[in-house]
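A quick write-up on the structure given underneath.
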Amino acid sequence: MAVPGLETSGPGAVPSSGPQPAPSRPRARDRRDPSRIARRFGLTGALLMAFGALGAGALPVPNPLNGLRILGLPGRNVTVAIAITYAGMGMLVLAWLWIGRMLNERGAVHPAPDRRQLARTGIVWALPLCFAPPLFSKDVYSYLAQSAITARGIDPYVLGPAQALGVDDPLTRAIPTIWRDTPAPYGPLFLGLGRGITALSGDDVVLGLFLHRVLALAGVALVIWALPKLARRCGVEPGLALWLGAANPLVLFHLVSGIHNEALMIGLMLAGLELGLRAQTPLGWLPGAALITAGGAVKVPALLALGFLGVHLARARGGRVRDVAFVAAVLAAVAAVVLGALGWVTGLGFGWVHTLGTANSIRSWMSLSTDLGQLSGQLGILAGLGDHTDSALTLTRGIGGLAGAALCAVLLFATLRGRVDPVTGLGAGLGAVVLLGPVVHPWYLLWAAIPLAATRGLPRYRRLALAASAVLAVMVPPTGADFDFRAYQLPMAIVAGIALLAVAVLVVRGRHRASAGPGAGDHHDALAGAPPAS
């Protein structure tokens, strides 16, 4: 008996007894980019952040937007601007996690966006933040002031902005009070580039900060160039590495929007490591070593990459003690030549070596060694022994530094013996330096997170890495300074975020069911984070 709607082929085939419905197919747009809804959701969040930054950002003093009818509106309603910014932050982070789920190696969601679609998504999200005032940090104003000090022929490693420029200077007024009297802790390359920015911008704070953002974006571009190449070297999907590393909300929030010079440091470090690892000739790694040293001339932690490049080269020569000694001597000579040349060209010499501990004046709650020191001091007070917090901090920070150095030594030895690859060793070593260091800011974690995104070690802990990045991304106030929420500020931000999230889930469900037709429930539920339909 023929079953209506069923066709068979071959001898004895029974023709269909009625017209056949066309099989449901996803639209061409769905096949092209499965992440389009998540991308638009994240873009909406980035646009909200950019608009909110006009009132809730780390704005210069005085605010150049004051008095403008449209652009000055968020500045006249700071509470609303903060709520809008937090809602946008939440949307962008959720969209990043959403696409990250699509890229799950176990294939929980299929199809997943390809590398080109991921790159387009990251660029689209970054664009609104590129043209908005900085968020989350006022460090860029210190960069401007220290660059101006250098341009005026004053030693930035001796005098702080208030002493060298004066407290009423427009480049000093936007700097937080705690940093106005501190000398520059950055290397000669960064201050030399900053001097060039000062030559173009003068005392124009707005132009200066956008030129510094161009410098930060150049560093991010180096990361985007090097990360997929390092990922292939480590056997990791390049698109996944780019998503976890370059499109990370911490990168968008603190390197693109916050304009931290970590962007240039990490970009030069990773580009130099890639050039060094790909070398095919006996001295082909020299340009890579020079680039890594240039990254160290921005911020000194980048120099750790020289160690892991060195043990890789020594292993290639045989891994004997004399091989290690030879490579170490050559790399030390390269570093001395590059740093000496940069110090001579900029006229800054090696004065930055004496100011590396400038940031230690603050007590960072994210630093394990600082937390232990403060806890020890408080216990001493409770025990009636007096306040010895400063001494306890000196002790615990010293122990933390020694522990970090010991872990780096273990990782270097493991890399020499071939048990750890250089990229994983570098990421783990920088993680030890950060977490055991005296000061930890959320963007410091990018020192380790970006290299580790290219390694096979991170996928084992991907859920933890995604969760940590998402939480840390929303922990820093957008204003770039600590502030106490008023009773009506925090609920407004929470309600706005929950409402937008609820609307987004409803829109996603409706659009997916309308476009994919029957049988798409499993795919949609996986996207929404719900259990697959039974």
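Going by UniProt numbering, the sequence shown opens with residue 1, and the numbers climb by one from there.
Heads up, the beta-carbon is just placed ideally off N, CA and C, and yes, glycines get one too.
Please read these numbers as outputs of a predicted model, since none were measured by experiment.
Query, Result
"Sequence-distant residues of the same chain with beta carbon closer than 7 angstroms to residue 93, five excluded per side", "249, 470, 473, 474"
"Distance CB(residue 136)-CB(residue 258) smaller than 7 angstroms", "yes"
"CA nearest to the CA of residue 115, picked from 290, 422, 247", "247"
"DSSP-derived helix/strand/coil call for residue 274", "helix"
"Local Cβ density within 10 Å of residue 21, reported as buried at 16 or more and exposed below that", "In this prediction, residue 21 scores a pLDDT of 47, lower than 50, which makes its location untrustworthy; no coordinate-derived value is stated."
"Neighbour-count burial assignment, residue 227, 16 or more Cβ in a 10 Å radius", "buried"
"Contacts around residue 194, its chain only, beta-carbon distance under 7 angstroms, and the 5 residues preceding and following it disregarded", "143, 146, 147, 150"
"Simplified DSSP assignment, three categories, for residue 543", "In the structure as shown, the chain starts at 1 and stops at 534, and residue 543 therefore has no counterpart that could be examined."
"Three-state secondary structure (DSSP) of residue 141", "helix"
"Sequence-distant residues of its chain with Cβ nearer than 7 angstroms to residue 162 (five each side left out)", "172, 180, 181"
"Span of the alpha helix (DSSP H) around residue 408", "389-416"
"Residue range of the alpha helix (DSSP H) that includes residue 297", "Element bounds for residue 297: n/a, residue is neither H nor E."
"Reduced DSSP category for residue 159 - H, G, I as helix; E, B as strand; rest coil", "coil"
"Integer Cβ distance of residue 39 from residue 140, believed to fall under 8 angstroms", "28 angstroms between Cβ atoms; not a contact."
"Beta carbon of residue 237 nearer than 7 angstroms to that of residue 443", "no"
"Distance between beta carbons of residue 71 and residue 48, contact taken as under 8 angstroms", "With a Cβ gap of about 15 angstroms, residue 48 and residue 71 do not count as contacting."
"Three CB pairs or more closer than 8 angstroms across the stretch 341-354 and the stretch 364-381", "no"
"Contact under 7 angstroms by Cβ, residue 268 with residue 291", "yes"
"C-alpha gap between residue 158 and residue 185, whole angstroms", "10 angstroms"
"At least three beta-carbon pairs within less than 8 angstroms, the stretch 398-409 to the stretch 436-455", "yes"
"Where residue 70 falls: helix, strand or coil (DSSP)", "coil"
"CB contact flag (residue 133, residue 57, <7 angstroms)", "yes"
"C-alpha distance - residue 411 paired with residue 323, whole-angstrom precision", "18 angstroms"
"Under 7 angstroms between C-beta atoms of residue 187 and residue 297", "yes"
"Helix, strand or coil at residue 56 according to DSSP, with G and I counted as helix", "helix"
"Whether residue 454 touches residue 230 by CB criterion (7 angstroms)", "yes"
"Under the three-state DSSP convention, the category residue 312 falls into", "helix"
"The alpha helix (DSSP H) enclosing residue 97, as first and last residue numbers", "78-102"
"CB of residue 340 within 7 angstroms of CB of residue 328, strictly", "no"
"Distance between residue 319 and residue 121 (C-alpha atoms, nearest Å)", "43 angstroms"
"Reduced DSSP category for residue 367 - H, G, I as helix; E, B as strand; rest coil", "coil"
"Reduced DSSP category for residue 192 - H, G, I as helix; E, B as strand; rest coil", "helix"
"CA-to-CA distance, residue 129 to residue 88, given in whole angstroms", "11 angstroms"
"Extent of the continuous alpha helix (DSSP H) to which residue 130 belongs", "115-130"
"Beta-carbon proximity of residue 60 to residue 174, cut-off 7 angstroms", "yes"
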